[in-house]
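Novice: The structure is given below, and queries will be raised subsequently.
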Amino acid sequence: MPEETRTPASHTPTPLTPTPLTPTPRRTDPPRSAAGERVSLTAFLQYQRETLAMKCAGLTVEQLKERAVPPSEMSLLGLVRHLAEVERSWFRNVLNGEALKTNWRGRLPGEPADFDVADADADEAFEVWHAECARSRAVVDALDSLDATGEHDGEAYSLRYVLTHMIEEYARHNGHADLLRERIDGVTGE
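The structure is reproduced here in structure tokens:
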């Protein structure tokens, strides 16, 4: 049976919130039917992306920057910046063979700055995240097979692995986002 190469129109991703101050976006549920592996993986990843957007929707910039519990630097805005970097790293650098540097530089050379949000521009962070998600989808669409590979540090990673890893990455951080959002304004749930 030929492998599916694109998400069907009925599962086209819902646009993510372009800024943190807009209404809560509508989330598209992953397919519950016997969708193929590729459709299922890409739909579940998109669902996780939309969940993060929902957790950030309607908050002020100050609320997005609120840290969890000292000494942690984790914040919703930090999660958005971090996941933009993770998208960029796995899809563009590993699978697409690009050699891109991080979007945000730390105070020291080689230091990541994802969670250093004191002076971060929230609109820029969301724009970068949305752009990286769109580029990631383009990389996925360009690959013919879930078995297609890219390389990192001499190790091969398949598209299947990357999609599965990204679902796990988002799901873990969406758990953090749940707790952060509840701490900020009491909002809970999906």
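Position one of the sequence shown corresponds to residue 397 (the numbering used here), numbered consecutively onward. Beta carbons are placed, not taken as given, at the ideal position from N, Cα and C, and that holds for glycine.
(1) So, are the CB atoms of L576 and L448 less than 8 Å apart?
(2) Quick one: grab the DSSP three-state call for L554.
(3) So, is D519 buried or exposed, given that buried needs 16 or more other C-beta atoms within 10 angstroms?
(4) Between which two residues does the alpha helix (DSSP H) holding T545 run?
(5) Would V513 and K461 qualify as a contact pair, given that the criterion is a beta-carbon distance under 8 Å?
(6) Between which two residues does the alpha helix (DSSP H) harbouring T456 extend?
(7) Grouping DSSP H, G and I as helix and E and B as strand, with all else coil, what is R577?
(8) Could you tell me the alpha carbon to alpha carbon distance between F511 and A521, rounded to whole angstroms?
(9) To the nearest angstrom, report how far apart L417 and R423 are at their CA atoms.
(10) What is the DSSP secondary structure of R501, counted as helix, strand or coil?
(11) Which residues in the same chain have their Cβ closer than 6 Å to the Cβ of T498, if we skip the five residues on either side of it in sequence?
(12) Over the uninterrupted alpha helix (DSSP H) stretch that includes W486, give me the two end residues.
(13) Check the DSSP bridge columns for P426 and list the partner residues they point to.
(14) Just to confirm before moving on: does the CB-CB distance between H569 and L475 stay below 8 Å?
(15) Buried or exposed: which applies to L559, given that a residue is buried once 16 or more other Cβ atoms fall within 10 Å of its Cβ?
Specialist: A quick look at the data gives this:
(1) Locating residue 576 in the sequence shown gives position 180, counting from the first residue. Locating residue 448 in the sequence shown gives position 52, counting from the first residue. Cβ atoms of L576 and L448: not closer than 8 Å.
(2) Locating residue 554 in the sequence shown gives position 158, where the first residue counts as 1. First, the amino acid is wrong: residue 554 is Ser here, not Leu. The answer is strand: DSSP assigns S554 an E or B state.
(3) Taking the first residue of the sequence shown as position 1, residue 519 is located at position 123. D519 is exposed by the Cβ-count criterion.
(4) Here residue 545 refers to the residue found at position 149 when the sequence shown is read from its first residue. Counting along the chain, T545 falls outside any alpha helix (DSSP H), though it belongs to the beta strand (DSSP E) covering T545 to H548.
(5) In the sequence shown, counting from the first residue as 1, residue 513 sits at position 117. In the sequence shown, counting from the first residue as 1, residue 461 sits at position 65. Taking 8 Å as the Cβ cut-off, V513 and K461 qualify as a contacting pair.
(6) Mapped onto the sequence shown, residue 456 falls at position 60. T456 -> no alpha helix (DSSP H), and no H or E assigned at all.
(7) Sequence index remark: in the sequence shown, residue 577 carries index 181 (1-based). Helix at R577.
(8) Taking the first residue of the sequence shown as position 1, residue 511 is located at position 115. Taking the first residue of the sequence shown as position 1, residue 521 is located at position 125. Cα to Cα, the separation comes out at about 11 Å.
(9) Taking the sequence shown and counting its residues from 1, one reaches residue 417 at position 21. Taking the sequence shown and counting its residues from 1, one reaches residue 423 at position 27. Note that L417 scores a pLDDT of 47, beneath 50, so its modelled location is shaky and nothing firm can be said.
(10) On the sequence shown, residue 501 is found 105 positions in, with the first residue counted as 1. If DSSP states are grouped into helix, strand and coil, R501 belongs with the strands.
(11) For this step, residue 498 is matched to residue 102 along the sequence shown. Result list for T498: E481, in chain order.
(12) Locating residue 486 in the sequence shown gives position 90, where the first residue counts as 1. From DSSP, W486 is part of no alpha helix (DSSP H); its letter is neither H nor E.
(13) Here the question's residue 426 lines up with position 30 in the sequence shown. Beta-bridge pairing links P426 to no other residue.
(14) Mapped onto the sequence shown, residue 569 falls at position 173. Mapped onto the sequence shown, residue 475 falls at position 79. Yes. Within cutoff.
(15) As a first step, residue 559 must be located in the sequence shown, where it is residue number 163. So L559 ends up on the buried side.
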